[in-house]
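Enquirer: My numbering numbers the first residue of the sequence shown as 614 and each following residue consecutively. We treat Cβ as the ideally placed atom computed from N, Cα and C, and that holds for glycine. Have a look at this one before I ask anything.
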Amino acid sequence: MAVLRRETGATLPGVEGLAISQKLKNIATSIKEKFSSNNQKATDKLFARLKVGNVQESLFVSAPYKKWTASVAKAYKTNPKAGRAAVFSTLAARYDDEALAKLLVEAKQVRATREPASEFQAMQIDSWAAKQKTTDDIYSALKLEVNEKDLLKNPLLDTWISYIPKAASENPYNLVLRKLMNHYDDQGLAQMLIAAKEDSRVASIATKVEESLLKRWQSDGKTADDVFRLLRLNDDKSDYIMKNPVLSTWISYVDQLHEKNPLRSDNVEETLRNPALITWISYVKKSNKDPYELLFRQLDLRAGDAHLAKMLALGAKSNKIRD
Numbered sequence: 614m615a616v617l618r619r620e621t622g623a624t625l626p627g628v629e630g631l632a633i634s635q636k637l638k639n640i641a642t643s644i645k646e647k648f649s650s651n652n653q654k655a656t657d658k659l660f661a662r663l664k665v666g667n668v669q670e671s672l673f674v675s676a677p678y679k680k681w682t683a684s685v686a687k688a689y690k691t692n693p694k695a696g697r698a699a700v701f702s703t704l705a706a707r708y709d710d711e712a713l714a715k716l717l718v719e720a721k722q723v724r725a726t727r728e729p730a731s732e733f734q735a736m737q738i739d740s741w742a743a744k745q746k747t748t749d750d751i752y753s754a755l756k757l758e759v760n761e762k763d764l765l766k767n768p769l770l771d772t773w774i775s776y777i778p779k780a781a782s783e784n785p786y787n788l789v790l791r792k793l794m795n796h797y798d799d800q801g802l803a804q805m806l807i808a809a810k811e812d813s814r815v816a817s818i819a820t821k822v823e824e825s826l827l828k829r830w831q832s833d834g835k836t837a838d839d840v841f842r843l844l845r846l847n848d849d850k851s852d853y854i855m856k857n858p859v860l861s862t863w864i865s866y867v868d869q870l871h872e873k874n875p876l877r878s879d880n881v882e883e884t885l886r887n888p889a890l891i892t893w894i895s896y897v898k899k900s901n902k903d904p905y906e907l908l909f910r911q912l913d914l915r916a917g918d919a920h921l922a923k924m925l926a927l928g929a930k931s932n933k934i935r936d
């Protein structure tokens, strides 16, 4: 019988201890969950009682919000991180993804609320990842498809870009480029990106999207000639083709192809030896303009008479710029 009791566990104190320990652990977990749940409910109720949701603008610096978060912090004084999570949970339940994202972007512009807003934004992004939301899911949730042509100006674009690494392995700016290509041809896109780079608010994103565009051309096997035509630089009939905004995009592409950019260099010898210069000259000729006169004007801006004379003498000896 002793053996039987041993086999059934009736006389094994170690097993009994484990069972009791697990039971106590379950009870502790249950109490903790109930406590957390009750605290969350209290956080939600206080949000409603203080009418925080009625605040129409500048939520994070409003009196109701400050009073609410101060009370929550006091309730969670032994676990401040859990308190901030409770605040976020209430906000996420009260506002949809787009509305909350807008509030957080707005709050990040204010020094006093930048830190908590950044933390809440990270929580929002992590919550999307936990729900296995795709990049397209969040793109739609943030309503970025509305007025997609002006996507770079949308303040929520950066939120979407921040989420992409959580859900995809692709370069975020490649995805932005694909969205923009639904509305622009190569020339229009290049022009838009050039203009966007002049806007300090979106310059960083525009520059990275342009880099993605250049890499796309290169991966597609586009030559300097191909891109010259894509940008319709061969259609430019003016004497000021070098002032065409998209010419800088073409030069950047040539730079990428040749790993340097002599056309924009102050080194005149490199300028005249640049293979891309021949492409430019050939297209200017087709527009019935004198490419050498135009080239002279541009080079004259960078060199004194003596230096320019030396440069032209060098160029005259080069087969690369002869007819």
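DSSP on Asp709, reduced to helix/strand/coil?
Expert: The answer is coil: DSSP assigns Asp709 none of H, G, I, E or B.
Enquirer: Go through its chain and collect everything with a Cβ distance to Lys779's Cβ below 8 Å, but skip five positions before and after it.
Expert: These residues qualify, in order along the chain: Ile738, Asp739, Trp741 and Ala742.
Enquirer: So, is Asp710 buried or exposed, given that buried needs 16 or more other C-beta atoms within 10 angstroms?
Expert: Buried, because 16 or more other Cβ atoms sit within 10 Å of the Cβ of Asp710.
Enquirer: Buried or exposed, going by whether 16 or more other CB atoms sit within 10 Å of the CB of Lys746?
Expert: Lys746 is buried by the Cβ-count criterion.
Enquirer: Apart from the five residues just before and just after Thr642, which ones in its own chain have a Cβ nearer than 6 Å to its Cβ?
Expert: In this predicted model, Thr642 has a pLDDT of only 48, less than 50, meaning its place in the structure is not dependable; the value taken from the coordinates is given anyway. Excluding sequence neighbours, Thr642 sits near nothing in its chain.
Enquirer: How far does the alpha helix (DSSP H) with Pro729 in it reach, from first residue to last?
Expert: Pro729 -> alpha helix (DSSP H) spans Arg724 to Ala743.
Enquirer: My output table needs one value for Val815: the three-state DSSP class, helix, strand or coil.
Expert: The answer is coil: DSSP assigns Val815 none of H, G, I, E or B.
Enquirer: Which whole-angstrom value describes the C-beta separation of Gln800 and Leu843, a residue pair presumed to lie in contact below a C-beta threshold of 8 Å?
Expert: Correct: roughly 7 Å between the Cβ atoms.
Enquirer: Take Asp868 as the anchor and find which of Glu824, Ile818 and Lys856 has the nearest alpha-carbon.
Expert: Selected option, being the one with the closest Cα: Glu824.
Enquirer: Give the single residue among Thr703, Lys694 and Ala695 whose Cα lies nearest to the Cα of Arg662.
Expert: Comparing Cα positions, the closest option is Thr703.
Enquirer: Going by beta carbon distance, what residues of the same chain come within less than 6 Å of Arg845, once the five residues before and after it are set aside?
Expert: The answer, listed in chain order, is Gln800.
Enquirer: Go to Pro772, then tell me how far its alpha helix (DSSP H) extends in each direction, as first and last residue.
Expert: Residue identity check: residue 772 is Thr in the sequence provided, not Pro. Per DSSP, Thr772 belongs to the alpha helix (DSSP H) from Leu770 to Ala780.
Enquirer: How is Lys828 classed by DSSP in three states: helix, strand or coil?
Expert: In the structure shown, Lys828 sits in a helix (DSSP, three-state: H, G or I).
Enquirer: Give me the Cα-Cα distance between Leu790 and Leu826, rounded to the nearest whole angstrom.
Expert: Going by the C-alpha atoms only, they are around 7 Å apart.
Enquirer: Assuming Val718 and Thr772 make a contact with CB atoms under 8 Å, what is their CB distance in whole Å?
Expert: Going by Cβ atoms, the distance from Val718 to Thr772 rounds to 7 Å, so yes, they are a contact pair.
Enquirer: Distance check for Lys756 and Ala679, CA to CA, integer angstroms please.
Expert: Reading off the sequence shown, one finds Lys at residue 679, where the question assumed Ala. In a straight line, the C-alpha of Lys679 is about 29 Å away from that of Lys756.
Enquirer: Quick check: what's the CA-CA separation for Asp879 versus Leu870?
Expert: With a pLDDT of 48 at Asp879, under the threshold of 50, the modelled position of that residue is not reliable, and no figure is offered here.
Enquirer: Just to confirm the assignment, what range does the alpha helix (DSSP H) spanning Phe673 have?
Expert: Premise fails: Phe673 is in no alpha helix (DSSP H) and is neither H nor E.
Enquirer: Would you grab the beta carbon distance between Thr726 and Val685 for me? Rounded to a whole angstrom, and I think it's under 8 Å.
Expert: No, Thr726 and Val685 are not in contact; Cβ-Cβ is about 15 Å, not under 8 Å.
Enquirer: Going along the chain, which residues of its own chain have a beta-carbon closer than 7 Å to the beta-carbon of Leu788, five neighbours each way excluded?
Expert: Excluding sequence neighbours, Leu788 sits near Thr748 and Ile777.
Enquirer: Report the three-state DSSP secondary structure of Thr703 (helix, strand or coil).
Expert: Helix, per DSSP.
Enquirer: Within the continuous alpha helix (DSSP H) that includes Arg845, where are the two ends?
Expert: Premise fails: Arg845 is in no alpha helix (DSSP H) and is neither H nor E.
Enquirer: Could you compute how far the alpha carbon of Asp798 sits from the alpha carbon of Lys762?
Expert: Their Cα atoms are separated by approximately 12 Å.
Enquirer: Classify Thr858 as helix, strand or coil using the three-state DSSP reduction.
Expert: For clarity, residue 858 is Pro in the given sequence; the question names Thr instead. In the structure shown, Pro858 sits in coil (DSSP, three-state: anything other than H, G, I, E or B).
Enquirer: Looking at the structure shown, is Gly834 part of a helix, part of a strand, or coil, going by DSSP?
Expert: Here Gly834 sits in coil by DSSP.
Enquirer: Buried or exposed for Gly834, please, with buried defined as at least 16 other CB atoms from any protein chain shown within 10 angstroms of its CB.
Expert: Exposed.
Enquirer: Quick one: Cα of Val665 to Cα of Ile807, how far?
Expert: Straight-line Cα distance between these residues: approximately 42 Å.
Enquirer: Let me make sure I understand the geometry here. Which of Glu728, Lys690, Tyr752 and Tyr866 has the alpha-carbon closest to that of Trp830?
Expert: Closest option to Trp830, Cα to Cα, is Tyr866.
Enquirer: So is Leu764 buried or exposed if we call it buried at 16+ other beta carbons inside 10 Å?
Expert: By the 10 Å Cβ count, Leu764 comes out buried.
Enquirer: Can you round the beta-carbon distance between Lys721 and Ser731 to whole angstroms, since I take them to be within the 8 Å contact cut?
Expert: 6 Å between Cβ atoms; contact.
Enquirer: To the nearest angstrom, report how far apart Ala940 and Leu770 are at their CA atoms.
Expert: Summary: the structure shown does not reach residue 940, with the chain confined to residues 614 through 936, and so no result is reported for it.
Enquirer: Taking Arg707 as the reference, which of Asn667, Leu793, Asn760 and Ser832 has the closest Cα?
Expert: Considering only alpha carbons, the answer is Asn667.
Enquirer: Between which two residues does the alpha helix (DSSP H) harbouring Thr748 extend?
Expert: Here the alpha helix (DSSP H) through Thr748 covers Thr748 to Ala754.
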